[in-house]
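Q: In my numbering, the protein residues as written are 38 to 372.
Beta carbons are placed, not taken as given, at the ideal position from N, Cα and C, and that holds for glycine.
Predicted model only: the values in this text are computed from it and were never measured.
Before I ask anything, let me first share the structure, which is written out below as structure tokens.
Take a look at the structure:
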């Protein structure tokens, strides 16, 4: 059974929740909406909040009571005026939309508004999309469509134009980090993976991935080695970076981690209490920041970004990393 608990959604998506509350409180529920947001931003929870608030018999301060008959029926997936569609395999097919339209066109057993939700609406095939479009072009006052997607531009323009758009913000890093710490991930690792993804489940997997852990450790070791001498940095590349450079995606990830290290130094230079990607390195970052100018750090960030671009030129990745270290060291010495 799908979890219809809406606890916490106001903290995760406060802007979208306020929009929904305004729509419902002013009795301006429209005939079609698109809820767009990246994976992990809470699209389903926002939709559930919207649907519950519309159906709720005793809302309190613009929040569903969760205890009335309608709220309970939604939680038990037993509300007769509510329908959901998921892709059948790779696509949402014409037959599914035809069945939906037929169901929506029937005389309602219960009074009040009917609501239908299309999950992964960007996966409507051409025939299904055209059938849905025709239905949307003839809106009925007591029927509301809610389309969920993380690829709003994959919807055909004529469908988008007939829907009001609710765009979801990325999950605040503080909330994502707390969710990771709650399942036993260390503060330092949680701080790092929050920079790599905004999705809770992906972040959990990344935090427990041995290769990612090796990449994080190797990058920090490289930064410290380059602070001693170019020879130490080159030896670190030869000894530790081999596995990280075999695949282009892994090499790009390593460069992202390196970029975040230098951004940490910039952040600490600007404010000693800055939130860092590597909180376990703050003491070292402070030492480096004291001996580095903003101009030097800016050039180093540009060099790392340039190295990322070179990944797509099929260069020898080991030589590329060695050249990067030489460039980072030029005219600059760490403590």
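1) For residue 201 and residue 70, what's the separation of their Cα atoms in angstroms?
2) Can residue 154 and residue 103 be called in contact, C-beta distance under 9 Å?
3) What did DSSP end up calling residue 278 once you bin it into helix, strand or coil?
4) Could you pull the DSSP bridge partners for residue 153 from this structure?
5) Hey, how far is the Cα of residue 224 from the Cα of residue 360?
6) Should residue 379 and residue 259 be called a contact, given that it needs their Cβ atoms to be closer than 9 Å?
7) Is the stretch 153-167 touching the stretch 119-139, taking contact as three or more C-beta pairs under 8 Å?
8) Residue range of the alpha helix (DSSP H) that residue 83 falls in?
9) Does the distance from the CB of residue 207 to the CB of residue 75 come in under 9 Å?
10) With 16 as the cutoff for other CB atoms within 10 Å, does residue 96 come out buried or exposed?
11) Count the C-beta pairs between the stretch 268-277 and the stretch 242-249 that are closer than 8 Å, then say yes if the count reaches three, no if not.
12) For residue 70, which residues does DSSP report across the bridge?
13) Taking DSSP as the reference, what is the three-state secondary structure of residue 222?
14) Looking at the structure shown, is residue 292 part of a helix, part of a strand, or coil, going by DSSP?
15) So, at 8 Å on beta carbons, what are the nonlocal neighbours of residue 458 in its own chain, with the 5 sequence-adjacent residues on each side left out?
16) Let me confirm a value: residue 116 is counted as buried when at least 16 other C-beta atoms fall within 10 Å, else exposed. Which label applies?
17) Looking at the unbroken alpha helix (DSSP H) that takes in residue 126, where does it start and where does it end?
18) What residue from 315, 358, 168 and 304 has the CA that sits closest to residue 334's CA?
19) Taking a contact to mean a Cβ-Cβ separation below 9 Å, would you say residue 161 touches residue 199 in this structure?
20) With residue 91 and residue 150 assumed to form a contact (beta carbons below 8 Å), what rounded beta-carbon distance in angstroms separates them?
21) Between the alpha carbons of residue 183 and residue 340, how many angstroms are there, rounded?
22) Less than 8 Å between the CB of residue 227 and some heavy atom of the ligand GDP, yes or no?
23) May I ask you to report which of helix, strand or coil DSSP gives residue 100?
24) For my contact list, residue 205 and residue 80 are in at a C-beta cut-off of 8 Å; report their separation, rounded to the angstrom.
25) Taking Cβ positions, are residue 107 and residue 93 nearer each other than 9 Å?
26) Keeping to the same chain, check which residues put their C-beta closer than 6 Å to that of residue 317; ignore five residues upstream and five downstream.
27) Residue 192 by DSSP, collapsed to three states: which one?
28) Going by other Cβ atoms of all chains shown within 10 Å of its Cβ, with 16 needed for buried, is residue 368 buried or exposed?
29) Quick one: residues in its chain with C-beta nearer than 6 Å to the C-beta of residue 366, no 5 flanking neighbours on either side, listed in chain order?
30) Could you tell me if residue 352 is buried or exposed, where buried requires 16 or more neighbouring beta carbons within 10 angstroms of its beta carbon?
31) Sorted by chain position, which residues of the same chain lie with C-beta nearer than 7 Å to residue 216's C-beta, five sequence neighbours on each side aside?
32) Would you kindly work out how many angstroms separate the C-alpha atoms of residue 283 and residue 348, rounded to a whole number?
33) Sort out for me which residues DSSP pairs residue 161 with in a bridge.
34) Give the C-beta separation of residue 46 and residue 52 to the nearest angstrom, bearing in mind that I take them to be a contact with Cβ-Cβ under 8 Å.
35) If residue 101 and residue 43 are in contact, beta carbons under 8 Å, what's the gap, nearest whole angstrom?
36) Once you ignore the five residues that flank residue 180 on each side, which residues in its own chain have a CB closer than 8 Å to its CB?
A: With the given structure in hand:
1) The residue you call residue 201 lines up with position 164 of the chain shown. The residue you call residue 70 lines up with position 33 of the chain shown. If you take the alpha carbons of residue 201 and residue 70, they lie about 5 Å apart.
2) Translated into positions along the chain shown, residue 154 becomes position 117. Translated into positions along the chain shown, residue 103 becomes position 66. No, these two residues do not count as a Cβ contact at 9 Å.
3) Numbered from 1 along the chain shown, position 241 holds the residue referred to as residue 278. Residue state, collapsed to three classes: coil.
4) Along the chain shown, read from residue 1 onward, the residue named residue 153 stands at position 116. The partner list for residue 153 (beta bridge, DSSP) reads 120 and 182.
5) The residue given as residue 224 occupies position 187 in the chain shown. The residue given as residue 360 occupies position 323 in the chain shown. About 33 Å.
6) Past the boundaries of the shown model lies residue 379; the chain is included only from 38 to 372, so the question cannot be answered.
7) yes
8) In the chain shown, counting from the first residue as 1, residue 83 sits at position 46. It spans 80-92 - the alpha helix (DSSP H) in which residue 83 sits, taken as one unbroken run.
9) In the chain shown, counting from the first residue as 1, residue 207 sits at position 170. In the chain shown, counting from the first residue as 1, residue 75 sits at position 38. Closer than 9 Å, so yes.
10) Within the chain shown, residue 96 is the residue found at index 59, counting from 1. With 16 or more Cβ atoms within 10 Å of its Cβ, residue 96 is classed as buried.
11) no
12) Walking along the chain shown from the start, residue 70 turns up at place 33. For residue 70, which the question treats as bridged, DSSP gives the partners 183 and 201.
13) Stepping through the chain shown from its first residue, residue 222 is reached at position 185. Three-state DSSP puts residue 222 in coil, outside helix and strand.
14) Counted from its first residue, the chain shown places residue 292 at position 255. Residue state, collapsed to three classes: helix.
15) It is not possible to answer for residue 458, since the shown part of the chain is limited to 38 through 372.
16) Taking the chain shown and counting its residues from 1, one reaches residue 116 at position 79. It is buried - the Cβ of residue 116 has at least 16 other Cβ atoms within 10 Å.
17) What you label residue 126 is simply residue 89 of the chain shown in a count that begins at 1. Note, residue 126: premise wrong, no alpha helix (DSSP H); not H, not E.
18) The residue labelled residue 334 in the question sits at position 297 within the chain shown. With distances taken between Cα atoms, residue 334 lies closest to 304.
19) Taking the first residue of the chain shown as 1, we reach residue 161 at position 124. Taking the first residue of the chain shown as 1, we reach residue 199 at position 162. Result no, Cβ atoms of residue 161 and residue 199 do not sit closer than 9 Å.
20) By 1-based counting over the chain shown, the position of residue 91 is 54. By 1-based counting over the chain shown, the position of residue 150 is 113. The pair is a contact, with the Cβ atoms about 6 Å apart (cut-off 8 Å).
21) What you label residue 183 is simply residue 146 of the chain shown in a count that begins at 1. What you label residue 340 is simply residue 303 of the chain shown in a count that begins at 1. About 45 Å.
22) This structure lacks the ligand GDP, and indeed carries no ligand of any kind.
23) Within the chain shown, residue 100 is the residue found at index 63, counting from 1. In the structure shown, residue 100 sits in a strand (DSSP, three-state: E or B).
24) Residue mapping note: residue 205 aligns to position 168 of the chain shown, counting from 1. Residue mapping note: residue 80 aligns to position 43 of the chain shown, counting from 1. The Cβ separation is near 6 Å, so the contact holds.
25) Walking along the chain shown from the start, residue 107 turns up at place 70. Walking along the chain shown from the start, residue 93 turns up at place 56. Yes, these two residues count as a Cβ contact at 9 Å.
26) Translated into the one-based positions of the chain shown, residue 317 becomes position 280. Contacts found: 225.
27) As a first step, residue 192 is located in the chain shown; it is residue number 155 there, counting from the start. In the structure shown, residue 192 sits in coil (DSSP, three-state: anything other than H, G, I, E or B).
28) Position 331 of the chain shown, counting from 1, holds the residue named residue 368. A caution first: residue 368 carries a pLDDT of 44, below 50, which makes its placement in the model unreliable, though a value can still be read off. So residue 368 counts as exposed.
29) Here residue 366 corresponds to residue number 329 of the chain shown, with the count starting at 1. These residues qualify, in order along the chain: 267.
30) As a working note, residue 352 is residue 315 in the chain shown. That one is exposed.
31) On the chain shown, position 179 is the one that residue 216 refers to. Correct list, in chain order: 237.
32) As a working mapping, residue 283 is identified with position 246 in the chain shown. As a working mapping, residue 348 is identified with position 311 in the chain shown. Computed Cα separation, rounded: 12 Å.
33) Position 124 of the chain shown, counted from the first residue, corresponds to residue 161. 129.
34) Counted from its first residue, the chain shown places residue 46 at position 9. Counted from its first residue, the chain shown places residue 52 at position 15. Rounded, the Cβ-Cβ distance is 12 Å, inconsistent with contact.
35) Position 64 of the chain shown, counting from 1, holds the residue named residue 101. Position 6 of the chain shown, counting from 1, holds the residue named residue 43. About 7 Å; that satisfies the 8 Å criterion.
36) Here residue 180 corresponds to residue number 143 of the chain shown, with the count starting at 1. Once the five neighbours on either side are set aside, the close Cβ partners of residue 180 are 68, 141, 150, 151, 152 and 153.
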